[in-house]
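Residue numbers (the working numbering): 1316 to 2217.
The beta-carbon is built from N, C-alpha and C at its ideal position, and this holds for glycine as well.
Here the structure comes first, spelled out in structure tokens, and everything after it is commentary.
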């Protein structure tokens, strides 16, 4: 086999400017490369130092280290592949007499980074951006054409590369790989200015050029069936940047003939030379790996075995594991090579290389001997080792020069913290000044409203800067959003957003609990081991939202949406973002788009920046936002009232009349919210029971102490708490009586839902298993006692109100009181029918709905406590605040209140 090396020399000095991004297999860095002759230029270097997962996948597939990191022929294949793809696309466009709209970031040089033990491929630096999604562009047609044009161009280039024989390169631009759109950058070229003799000047439309910046895979291309089938036809199970040498040479010969006919002899000669070099280094790369799933019959050839040995020896010499004196012995002695190869299998890899160096590196053997026999050498070695490790700690921001370890015990502690904690936690534990500053910030996040507002606005500014850097947001749009978000009407929500961001400090503690709880639940433990850690963060967000609700109760700031969304795992961080919709839909829409974008980027394998997954999630989110805007006119009315402040008496009177009809009892909205909460909660439990039916007990959902009964118990407890708060908030005696009724019914219902200890023996096996897993039951005597006390309190309140407030006697026969009684009773009549029909799931779900209506009514009373105080007077009716739509006068008060809160 002929040996090839890079035609461009590596620079003498490389200066890092900034890190551009991290991928599965490499890190992209913008560097300034300089040579001794005075030349300097900026390049993008891809440092192939992948993580543990990528290295394990490659080793399992090909029984070899990651090729681009340690194989010289593989990194040269990357170099020549880029040149071949660029020249073949250029030659094809030249022969077809058209302008090529796709470029390739041409390679500059290849070098070996000894500090990171990895090969580096440098390519030209390309100024460009990813495709702009539809929702981020004011010109929707242009945005749609931009994304559609990119996908269409990728399909065309993919077909071309596969026809040329560059199958692996086709995978890098295949739309079937959802993240492949990030492998191309778009650069805008302004149109030409056209001057007409009989008319004004005009600019032709701008053009977009696509530049391929990544042609190197990180994992085998197993996500698209087409590439798997082509790989199997060539005798390999896992495709990885493969090429069809026969088809490539044939395509090259055809293009060269056409170029010669057009007089492009230089381009034809360069293309032919690059193709031959690519085929040669690709064959040497693939032959230098064991790869039992790639044409294993070639191992019968002595040439293949000899080349594999030569490749291993070259890699060991590159890593300074083998010295030149022992390299010749490894080539001639089979047993010496076999022992060396087996030592390399010792885990971890650092230990394996150390043992190999002890066997085949004389200078290393001498250093080990002197370390074992001379104390001075040991002392110097440990001093140098400690300095190197302390320098690494300081570079990773794990400690400062003032807090670096000075004793052996302190150094050991730092090493343990390095492997067991993140950089932030490590610095917090060892740096007193950093710890004091963080403690001050935590206290401010918990107790200082101005700091919480500042944190929320800082996060908002960071979001807008990120969108501006991706060209998704113009400077004028960013300024407009900043001015709206900094206004007093969003001060309360900005503070709540900052407090929700503060909850993220709990993530390092909650994640191990989640993993351990799920593991215990799957191994036969109670399902609550998995559920409770997941509900910690939603519970914390709910407490924060309730605190914000109570702290701003005098300003009548809505919090209903934040309470509902904050209780949902994973997406609950968007609680105050959703709540902003009622005050400023533009800001809420922008933040919800960013939330969807960040969610899509974190999806494993298929997610990432500028991926089709990100654009698809943004498109789905945009459709949902449009649907909400159509069926949720409240946001439009609120935003219009906040912006216009129209004080027209006619408009205000019409709004008051419209609100007064809904203020009596918000029938439709209470039922809607109750159905929504019941549907989300019970739907999640049904889905969990269906998906985990094999691992969950038979009666997990509907049994005694099952999931649905536990949900009923939680709703009743929340209803009792909300009823107590309503009792403290409302001043009118009639509404206090209703609050007492809600509390008593909730307490009695909670006592009823708790299983009786006596009835445990009569349960079925599945139900008994479910009850035992929770282990929560009270005796029937206690249950009857609690119910009796609740009934007595309710009767006492009725008697007291009947004697003390004669004007309220009509309350018990008015729709105001009958409304919550009739639907509640209807639910339990329906539940009784379902129970007699042996439809247990429907029975429990209807009961959940009934209890949820009570909780919704109690929350409604808390929100409208001030208005309900003088409910029966005509003046109060005119000044009433709708549960969703505020009047203009109330909006002005809300604005002033938020200014005070800010």
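- Per the C-alpha coordinates, the member of 1851, 1676, 1362 positioned closest to residue 1429 is 1362.
- For residue 1874, the secondary structure class from DSSP, reduced to helix, strand or coil, is coil.
- Closest by C-alpha distance to residue 2180, out of 1893, 2063, 1809, 2054, is 2054.
- The shortest C-alpha to C-alpha distance from residue 2038 to any of 2094, 2169, 1889, 1626 is the one to 2169.
- For residue 1646, the enclosing alpha helix (DSSP H) stretches over residues 1639-1647.
- Judged by DSSP in its simplified three-state form, residue 2014 adopts coil rather than helix or strand.
- DSSP places residue 1414 outside both helix and strand once states are collapsed to three, so it counts as coil.
- In this structure, the straight-line span from the alpha carbon of residue 1558 to that of residue 1917 is close to 32 angstroms.
- Contact between the region 2094-2102 and the region 2022-2037 is not established, with fewer than three Cβ pairs separated by less than 8 angstroms.
- Around the beta carbon of residue 1676, 16 or more other beta carbons sit within 10 angstroms, so the residue counts as buried.
- The beta carbons of residue 1434 and residue 1385 sit closer together than 9 angstroms.
- Residue 2056 and residue 2109 do touch by the CB rule: their CB atoms are close to 6 angstroms apart, below 8 angstroms.
- Our two residues, residue 1925 and residue 1478, have alpha carbons roughly 27 angstroms apart in a direct line.
- Look at the beta carbons and you see the region 1894-1913 touching the region 1797-1808: at least three pairs across the two are nearer than 8 angstroms.
- The residue among 1526, 1338, 1416, 1438 with its C-alpha nearest the C-alpha of residue 1532 is 1338.
- In this model, residue 1495 and residue 1639 are separated by some 43 angstroms (Cα to Cα).
- Look at residue 2098 here: in three-state DSSP terms it is helix.
- Per the Cβ contact rule, the region 1814-1822 is in contact with the region 1768-1775 (3 or more Cβ pairs under 8 angstroms).
- Taking the C-beta atoms as reference points, residue 1461 is found nearer than 9 angstroms to residue 1447.
- Judged by DSSP in its simplified three-state form, residue 2061 adopts helix.
- Unbroken alpha helix (DSSP H) stretches of 4 residues or longer found wholly inside the region 1752-1839: 1764-1784, 1790-1800, 1806-1817, 1822-1837, given in chain order.
- In the same chain as residue 1874, and ignoring 5 residues on each side of it, the C-beta atoms closer than 7 angstroms to its own belong to 1860, 1863, 1864, 1894, in chain order.
- Closest option to residue 1621, judged by alpha-carbon separation, among 1641, 1607, 1645: 1645.
- Linking residue 2016 to residue 2167 through their CA atoms gives a straight-line distance of about 18 angstroms.
- Where residue 1433 is concerned, the enclosing beta strand (DSSP E) starts and stops at 1433-1439.
- Within its own chain, the residues whose Cβ lies closer than 6 angstroms to the Cβ of residue 1418, once the five positions on either side in sequence are excluded, are 1526, listed in chain order.
- Residue pairing for residue 1357: DSSP places it in a beta bridge opposite 1347.
- Under DSSP, residue 1427 shares a beta bridge with 1434.
- In the DSSP secondary-structure assignment, residue 1527 is bridged to 1419, 1499.
- Cβ-Cβ distances below 6 angstroms link residue 1882 to 1853, 1857 in the same chain, with the five nearest sequence neighbours on each side left out; the list follows chain order.
- Residue 2148 and residue 1993 have their C-alpha atoms roughly 19 angstroms apart.
- Residue 2172 sits in a helix when the DSSP states are folded into three classes.
- In its chain, beyond the 5 residues on either side, 1637, 1642, 1645, 1646 have a beta carbon closer than 7 angstroms to the beta carbon of residue 1628.
- DSSP places residue 1904 inside the alpha helix (DSSP H), whose first and last residues are 1900-1916.
- About 5 angstroms separates the Cβ atoms of residue 2105 and residue 2062, confirming a contact at the 8 angstroms cut-off.
- With three or more CB-CB distances shorter than 8 angstroms, the region 1479-1493 counts as touching the region 1558-1572.
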